[in-house]
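Numbering (our numbering), first residue to last: 967 to 1502.
Each residue gets a CB set at the ideal place from its N, CA and C atoms; glycine is no exception.
Just so it is clear, the structure is predicted and the values come from calculations on it, not from any experiment.
Remarks on the structure that follows.
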Ligand SMILES: Nc1ncnc2c1ncn2[C@@H]1O[C@H](COP(=O)(O)OP(=O)(O)OP(=O)(O)O)[C@@H](O)[C@H]1O
Ligand SMILES: [Mg+2]
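See below:
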């Protein structure tokens, strides 16, 4: 009896709400419906009820396993929009439509419990008609529909909650940027068996994991199967038409820094708020081969006579990161990086040797966190000694910054993941739950493997950049590079001679200010020794 069925809270509440036209939401809906009939190799679109009959050969590809004979044109979706842009709503519409497929199994996941209950769950459940509900299981937070389609809700404080049975037809990660990346890797294998799809909806958090895993694949690499759209809060038709709502956004535009506003309302990833290295990374990127050759003329075959540094950030609960840095007479150049998930220390060792081609160089220094005892032990057994690097964030970050400010730490375009991670390396929110500020700034511990690897390498490198040396401007640098080696050496000698004449090279007289012992005897001796005089 229908009336005896317990309903999930808020069931059907949004059924009367119209979905107004938003170009991006509509494009998503169309892209998601696209299927490819393997029988006659023709692209088509499924119906609102998730049914797909090929328009050309008339073959039907319905039910839970329909994707196996007519796969989806796209199976990884990214909805990137500003706050209140309508991501959750359109994703919920998509899942609701998917649940019309008999027997479909879906997982709807939110970054945390609060988000799941305040937004993800009520939006999707609000779109489910009460008459469709067959079973509501509040204990497991699962809803079964009359057609035996089922949706399970999970919050992802523990990323392993994304693990489920194989044959799942789809998973949705709401506020994906705040979900652990691991959830994506744990969850996606469940989709293989039924040719399922994954939807990530989010406001970005700088270059969070969704960039590399989905957006870049869809928009930069144009990887088949990936689809992404980015839209602004103002593209939400409610905001477009309602002056009161628009007014709120305008108020925030004035209140927030331009970069933060762009992230929150325009879904821009480049948000300088709290960035540790900020623009310093971009300024030090060597964008093409020609730029790298100014530092390494022999590029791309780096000379075996050069010294190299390998910074390592071992990972057991996060990916294993390493960077390869080449020492040149004009500074340090990061040329390659390594980032692998869940690698045992000894496996990572061999991988890194192969990836970086380390046998080529005789002089190499490996550096890692001084607390990484196991790494040192295991790599030691393989004949690779690892320097114990100072691991304090403040100290290491300062060291990195001084190399960057003096433009002596460069990133070849080939180390793209290091560029990305260092560019988005940020301070954690340093507000305690009580609202008080924490005494020490922490860093945001997500995707920080490569910045950490760089930091360790620099801490183990005994030289410091010369802070007095004025870095050359771009045009000066170009002119300098255009000289041949001999002219450059002669110019260097001339510059040294001029410096010696003009400055410190001229002897001071004992009575002059600044003479090494000059003023000592004009002071009361106790000034020099302070209160410790008593002990003499
Ligand atoms: N196309 C649309 N037609 C009508 N209302 C819409 C449309 N898109 C979004 N809305 C409404 O706008 C509001 C915000 O939408 P939604 O919660 O989906 O946005 P969001 O991007 O997930 O926001 P948040 O960043 O807060 O998670 C909701 O009330 C939703 O119903
Ligand atoms: Mg939302």
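| task | Starting from the C-beta of residue 1345, find all residues in its chain whose C-beta is less than 6 Å away, skip the five residues before and the five after it, and write them out in chain order. | result | Taking the chain shown and counting its residues from 1, one reaches residue 1345 at position 379. Beyond the five residues adjoining it in sequence on each side, residue 1345 comes within less than 6 Å, by CB distance, of 1315 and 1352 in the same chain, given in chain order.
| query | What is the rounded straight-line gap between the Cα of residue 1324 and the Cα of residue 1338? | reply | By one-based count along the chain shown, residue 1324 stands at place 358. By one-based count along the chain shown, residue 1338 stands at place 372. Taking the straight line from one Cα to the other gives about 21 Å.
| message | So the candidates are 1095, 1107 and 1084; which of them puts its Cα closest to the Cα of residue 1073? | response | Locating residue 1073 in the chain shown gives position 107, counting from the first residue. Here the closest residue by C-alpha is 1107.
| residue 1261 and residue 1299 look like a contact to me (Cβ under 8 Å); what is the Cβ gap, rounded to whole Å? | Sequence index remark: in the chain shown, residue 1261 carries index 295 (1-based). Sequence index remark: in the chain shown, residue 1299 carries index 333 (1-based). Indeed they touch by this definition, with Cβ atoms about 5 Å apart.
| query | With contact counted as at least three CB pairs below 8 Å, one residue from each stretch, are the region 1110-1128 and the region 1143-1159 in contact? | reply | When C-beta atoms of the region 1110-1128 are compared with those of the region 1143-1159, three or more pairs fall below 8 Å, so the two segments count as touching.
| request: Take the Cβ of residue 974 as the centre, count every other Cβ of all protein chains shown within 10 Å, and call the residue buried at 16 or more, exposed below. | output: In the chain shown, the residue the question calls residue 974 occupies position 8. Counting Cβ neighbours within 10 Å, residue 974 comes out buried, since at least 16 surround it.
| Whether residue 1049 touches residue 1199 by CB criterion (8 Å) | Numbered from its first residue, the chain shown carries residue 1049 at position 83. Numbered from its first residue, the chain shown carries residue 1199 at position 233. In this structure, residue 1199 lies closer than 8 Å to residue 1049 by Cβ.
| task | Taking residue 1420 as part of the alpha helix (DSSP H), name the residues at either end of that continuous run. | result | Numbered from its first residue, the chain shown carries residue 1420 at position 454. Residues 1415-1426.
| Cβ-based neighbour list, residue 1418, same chain, cut-off 6 Å, excluding 5 preceding and 5 following | For the purposes of this step, residue 1418 is taken as the residue at position 452 of the chain shown. 1279, listed in sequence order.
| First and last residue of the uninterrupted beta strand (DSSP E) at residue 1123 | Numbered from its first residue, the chain shown carries residue 1123 at position 157. Counting along the chain, residue 1123 falls outside any beta strand (DSSP E), and DSSP gives it neither H nor E.
| message | Less than 8 Å between C-beta atoms, sequence neighbours within five positions excluded: which residues of the same chain meet that for residue 1252? | response | Here residue 1252 refers to the residue found at position 286 when the chain shown is read from its first residue. The residues are 1258, 1260, 1261, 1299, 1376, 1377, 1378 and 1379.
| Inter-residue spacing [alpha-carbon to alpha-carbon] between residue 1364 and residue 1374 | Here residue 1364 refers to the residue found at position 398 when the chain shown is read from its first residue. Here residue 1374 refers to the residue found at position 408 when the chain shown is read from its first residue. Each residue's CA atom was taken as its position, placing residue 1364 and residue 1374 some 14 Å apart.
| residue 1303 and residue 1176 look like a contact to me (Cβ under 8 Å); what is the Cβ gap, rounded to whole Å? | Numbered from 1 along the chain shown, position 337 holds the residue referred to as residue 1303. Numbered from 1 along the chain shown, position 210 holds the residue referred to as residue 1176. With a Cβ gap of about 20 Å, residue 1303 and residue 1176 do not count as contacting.
| query | Based on Cα-Cα distance, which residue from 1244, 996, 1224 and 978 lies nearest to residue 1193? | reply | Translated into the one-based positions of the chain shown, residue 1193 becomes position 227. Checking every option, the nearest Cα to that of residue 1193 belongs to 996.
| request: Have a look at residue 1100 and residue 1020 and give me their C-alpha separation to the nearest angstrom. | output: Counting from 1 along the chain shown, the entry for residue 1100 is found at position 134. Counting from 1 along the chain shown, the entry for residue 1020 is found at position 54. Their Cα atoms are separated by approximately 30 Å.
| Bounding residues of the alpha helix (DSSP H) (the contiguous stretch that carries residue 1210) | Here the question's residue 1210 lines up with position 244 in the chain shown. Where residue 1210 is concerned, the enclosing alpha helix (DSSP H) stretches over 1209-1221.
| task | With residue 1288 as the anchor, note down where its beta strand (DSSP E) starts and where it stops. | result | Counted from its first residue, the chain shown places residue 1288 at position 322. That run of the beta strand (DSSP E) goes 1286-1294.
| said: Runs of 3 residues minimum, wholly inside the region 974-1008: which ones carry the beta strand (DSSP E) assignment? | reply: 1000-1003, all fully within the region 974-1008.
| What are the boundary residues of the alpha helix (DSSP H) that residue 1366 is part of? | Position 400 of the chain shown holds residue 1366. It spans 1359-1371 - the alpha helix (DSSP H) in which residue 1366 sits, taken as one unbroken run.
| Taking Cβ to Cβ, would you say residue 1423 is nearer than 8 Å to residue 1276? | Taking the first residue of the chain shown as 1, we reach residue 1423 at position 457. Taking the first residue of the chain shown as 1, we reach residue 1276 at position 310. Less than 8 Å separates the beta-carbon of residue 1423 from that of residue 1276.
| query | In terms of DSSP beta bridges, what is residue 1137 paired with? | reply | Here residue 1137 refers to the residue found at position 171 when the chain shown is read from its first residue. Partner(s): 1073 and 1164.
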